[in-house]
Structures are given as structure tokens and as C-alpha cells.
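Structure first, commentary second.
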Amino acid sequence: MKSCLFVLVLLGLVGGVAAYFAAEKSLTLTVDGQSRQVSTYAGTAAEVLADEGLTPAAHDVVLPSLGADVNDGDTIVVNRARPLTLTVDGVRSEVYTTALSVDGALDELGYRADQLQLSADRSERVPLDGMDLAITTSKDVRLIADGQQRVVTTTAATAGELLAEQGIALSATDRTSLYPAQPLLTGMVLQVTRVSVDEVSDVQPLDFETVETPDPAVLVGDRTVTQEGVPGARTTTWRVTVTDGVETAREQVSTQVTKKPVPEQVSVGTMPKPKPEPKPEAATVEAAAPSGGDGLNWAALARCESGGRPDAVSASGTYRGLYQFSRQTWAGVGGSGDPAAASVEEQTMRAQMLYARSGAGQWGCGSHLSD
692 MKSCLFVLVL
702 LGLVGGVAAY
712 FAAEKSLTLT
722 VDGQSRQVST
732 YAGTAAEVLA
742 DEGLTPAAHD
752 VVLPSLGADV
762 NDGDTIVVNR
772 ARPLTLTVDG
782 VRSEVYTTAL
792 SVDGALDELG
802 YRADQLQLSA
812 DRSERVPLDG
822 MDLAITTSKD
832 VRLIADGQQR
842 VVTTTAATAG
852 ELLAEQGIAL
862 SATDRTSLYP
872 AQPLLTGMVL
882 QVTRVSVDEV
892 SDVQPLDFET
902 VETPDPAVLV
912 GDRTVTQEGV
922 PGARTTTWRV
932 TVTDGVETAR
942 EQVSTQVTKK
952 PVPEQVSVGT
962 MPKPKPEPKP
972 EAATVEAAAP
982 SGGDGLNWAA
992 LARCESGGRP
1002 DAVSASGTYR
1012 GLYQFSRQTW
1022 AGVGGSGDPA
1032 AASVEEQTMR
1042 AQMLYARSGA
1052 GQWGCGSHLS
1062 D
């Protein structure tokens, strides 16, 4: 009886061992493209990974799914996700990729164009803890600068990079329609406005004053400039803004007299003018002018030539006295000195001598002798 019981126990142990070994599975585990063979008694993919010390993260890809049953000869694939800080044309985002290289990540994310500017080499491996990747796509931007406009195809990420790429330098006062750090997109317009701010000076003449000084030793109405006036100068400084060659603003900064004017000094007479002597009466002239016994009207001639004044002098000073002798004619009939200073009698006598020698044509008023 004991022998039978021992045999039964032994058979049970052998059967259990056989069943245990029969439950062992041989699987292929591929992690991030690296494959190896594992032996396991686990029933699901999750249990296999747990036995191998692998805990899939939320963005990891596991095939088959974690709850799927596994059998001998199956393959479990684990592609671990890598975080990417992705900046595309200046727009930043956080994404995950299971690709192992930059080129694979681009393909996985849908960036298949060849004309891309990348911050990393396409063959560079994406580390498990992730990386930063900047992508700049090719885009058409309308560029307006310095009187020209054209469409530029560029991979520049920002407006500032495009300007640098095109060799367009900006001054501190120039303006652009886009911020320098603004990301570029196809169809955008980038306009450069040239602005210069300079200070300019404007010099204007400053009139001088006239200072009058009374002079009692000079007759009223006489004016004498004793010092010439000299204009001064006023300088005004302006801050002028010119936009694309056109003045758009002008602001006064300062103004000051840079050259003082010199006043004009004038001496003004204040002495009263003497009263004119009364003219001799025509009757006196006529009475003083002898007839000479020749029947000629010498008084009428005198009135016409000189207004009947023995000391009359023409405006030019050439003709003088009652009958307006020139000094030469006066001397020609024997007179001496100034005809206007001679007596009425001598002037009439010399006139009669002139008439006897040359006739009435010597006077413009000669016809009055026959009045």
C-alpha cells in the first residue's frame, strides 16, 4: 500500500514538472529596433515587459497591446516615445515621436519636403530624453525696401533673418511692417520704411534799429547817418524727420541770436530855418530899371527871366541876376564878379550892351522887350 502511494506521488511530481516546462514560452522582444530572445511564463505582453523591467510610458507604442495574450514564438515590439520641442517657422510646440533619427521624426510628423532648414542633421539620433528641433520651411514673402519691391523665396525663420539674408541693414530709426522676431509665413509682406532724424540750423537776418539824435546846430529836415547799421542774425535749430526721402515732421529745438545787430545812428537837425527875404516888388524893379531911352521894356524882360529879382540864381547856378547872365557873357560885356551882386543899374546897362551887340535872341524871354 505504501509503495502504491509513493508511485502516485512520484508520478504527480513528474507530471507537474513536465507541465511547468511545457508552459515556458520563447519570445522575440524588440525595443527601439533592437531585438533579443526572451523566455517567459507570462501570459500577457504587459507581464512580459514587467518581467523585463520595462514600463511603457503614455506615448510609447506597444504591439501587440499590453493586455494581449502571448504565445510561444510571438514578437513583442516596443517603440519608446521621445519628446520633441518643435519650432516650425517660429511657432513652438511640444510633440512626441517614436522615430530614432531626425529624418525619421520628420517623416513621422509629415515634413517630407527636401527644402527645409533644420537645426540638426537629418541623420542625428533622437535621444530618449528628447531634443529641440527647429524647422524652417521655404516660403514666398513680398519684400518692399529702398524704392523696390520683389517676391523673395526664403527659408528665413523671422523677418529679421530675412532682412539679414537680403543684406538690408536697419538704422535705429528705421521701421518695418513686421517685428524683427516675427515668424514668416508664405504671402506675408515685409516693408522697410527708412526714417532719418537730423538737426538742421536755419539762419535768418535780424533787422537793426535806427536811433535818432537831435542836433540843434543843424537845420530842421537835415539828417546825417553817423554810424551805418549792420544786420544781425538769428539761428534756429530744428529736429527734422524724413520718411523715405520726404520731410514728415519738423520740431523746433532752440533759437538764439548768434549775431547782434548794430543800430544805425542818425543825427537829426532841430535848428529852425531862417525866414526867406521878401522878393522885391516889380514896381521897384521897373523903377530901378532905366528905360535907356531906347523904348525897350527891360522891366518885362526882368520879370520873365528872374521874377524881377536882381540876385536871382538859376537852379544850376549858371545864370544869375535880373537878366540871367552867365559869367562868361557878363564878362563879355565888360562886367566883373558875380552878375547877381551888381546893382540894378549896372545889370540893365550890361543888358543893353548885350542887346546892342547881339539882339534880343540872347534871352529866352527876349520877345518881352517889345511889350
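For the sequence shown, this note's numbering gives the first residue as 692, with consecutive numbering after it.
Where is the CB? At the ideal position from N, CA and C, for every residue including glycine.
Spatially closest choice to residue i from the options, by CA coordinates
{"i": "Lys964", "options": "Val909, Ile835, Glu938, Tyr1010", "result": "Val909"}
{"i": "Asp820", "options": "Lys830, Ser829, Val786", "result": "Val786"}
{"i": "Glu1036", "options": "Thr1009, Leu1060, Ala990", "result": "Ala990"}
{"i": "Ser997", "options": "Gly801, Leu800, Ala1031", "result": "Ala1031"}
{"i": "Ala749", "options": "Ala759, Arg773, Ala860", "result": "Arg773"}
{"i": "Val843", "options": "Lys830, Gly851, Lys716, Ala855", "result": "Lys830"}
{"i": "Ser794", "options": "Trp1021, Arg816, Val944, Asp935", "result": "Going by the sequence as given, residue 794 is Asp instead of Ser. Asp794 has its Cα closest to that of Arg816, out of Trp1021, Arg816, Val944, Asp935."}
{"i": "Leu809", "options": "Thr1039, Leu992, Thr746, Val779", "result": "Val779"}
{"i": "Arg885", "options": "Ser892, Ile859, Thr904, Glu903", "result": "Ile859"}
{"i": "Gly781", "options": "Asp763, Thr735, Ser945, Thr828", "result": "Thr828"}
{"i": "Ala940", "options": "Gln947, Thr946, Val931, Val948", "result": "Val931"}
{"i": "Ile835", "options": "Met962, Thr846, Ser868, Trp1021", "result": "Ser868"}
{"i": "Val1038", "options": "Arg1048, Trp1054, Trp1021", "result": "Sequence inspection shows Gln at residue 1038; the Val mentioned does not correspond to that position. Selected option, being the one with the closest Cα: Trp1021."}
C-alpha gap between residue i and residue j, whole angstroms
{"i": "Val883", "j": "Asp837", "result": "7 Å"}
{"i": "Gly1028", "j": "Val959", "result": "37 Å"}
{"i": "Asp823", "j": "Val937", "result": "46 Å"}
{"i": "Val933", "j": "Glu890", "result": "11 Å"}
{"i": "Asp1062", "j": "Gln1043", "result": "16 Å"}
{"i": "Val888", "j": "Thr928", "result": "13 Å"}
{"i": "Pro1001", "j": "Cys995", "result": "12 Å"}
{"i": "Gly1026", "j": "Pro907", "result": "41 Å"}
{"i": "Arg925", "j": "Ser1017", "result": "59 Å"}
{"i": "Ile826", "j": "Ala733", "result": "44 Å"}
{"i": "Ala1003", "j": "Leu1013", "result": "7 Å"}
{"i": "Gly986", "j": "Leu1060", "result": "9 Å"}
{"i": "Gln857", "j": "Thr776", "result": "29 Å"}
{"i": "Cys1056", "j": "Leu992", "result": "6 Å"}
{"i": "Ser892", "j": "Gln806", "result": "54 Å"}
{"i": "Gly1050", "j": "Lys966", "result": "39 Å"}
{"i": "Gln943", "j": "Arg841", "result": "39 Å"}
{"i": "Ser1034", "j": "Asp913", "result": "34 Å"}
For residue i, the three-state DSSP class (helix, strand or coil)
{"i": "Thr1039", "result": "helix"}
{"i": "Met879", "result": "coil"}
{"i": "Gln1053", "result": "helix"}
{"i": "Ser945", "result": "strand"}
{"i": "Leu745", "result": "coil"}
{"i": "Arg833", "result": "strand"}
{"i": "Ser726", "result": "strand"}
{"i": "Tyr1046", "result": "helix"}
{"i": "Glu977", "result": "Bear in mind that the predicted position of Glu977 carries a pLDDT of just 46, short of 50, making it too unreliable to give a figure here."}
{"i": "Val761", "result": "coil"}
{"i": "Phe712", "result": "Here Phe712 scores only 45 on pLDDT, less than 50, and its place in the model should not be relied on; the value that follows carries that caveat. In the structure shown, Phe712 sits in a helix (DSSP, three-state: H, G or I)."}
{"i": "Gln806", "result": "coil"}
{"i": "Thr1020", "result": "helix"}
{"i": "Ser1058", "result": "helix"}
{"i": "Ser892", "result": "strand"}
{"i": "Ala811", "result": "coil"}
{"i": "Ala860", "result": "coil"}
{"i": "Pro874", "result": "strand"}
{"i": "Leu992", "result": "helix"}
{"i": "Gly851", "result": "helix"}
Exposure label - residue i; buried when at least 16 CB within 10 Å
{"i": "Ala848", "result": "buried"}
{"i": "Gly999", "result": "buried"}
{"i": "Glu852", "result": "buried"}
{"i": "Val761", "result": "buried"}
{"i": "Val832", "result": "buried"}
{"i": "Ala1047", "result": "exposed"}
C-beta neighbour in chain C for residue i, strict 8 Å
{"i": "Gln1019", "result": "This model lacks chain C altogether, as it is built from one protein chain only."}
Exercise for review: Indicate whether the contact test is met: 3 or more Cβ pairs, each with one atom in the segment 912-923 and one in the segment 876-895, closer than 8 Å.
Suggested key: no
Check your understanding: Quick check: the segment 769-787 against the segment 740-756, are there 3 or more CB pairs under 8 Å?
Key -> yes
Check your understanding: Taking three-plus beta-carbon pairs below 8 Å as touching, is the segment 939-952 in contact with the segment 892-906?
Key -> yes
Practice item. Would you be able to state if there are at least three C-beta pairs under 8 Å between the segment 752-768 and the segment 797-804? Key: no
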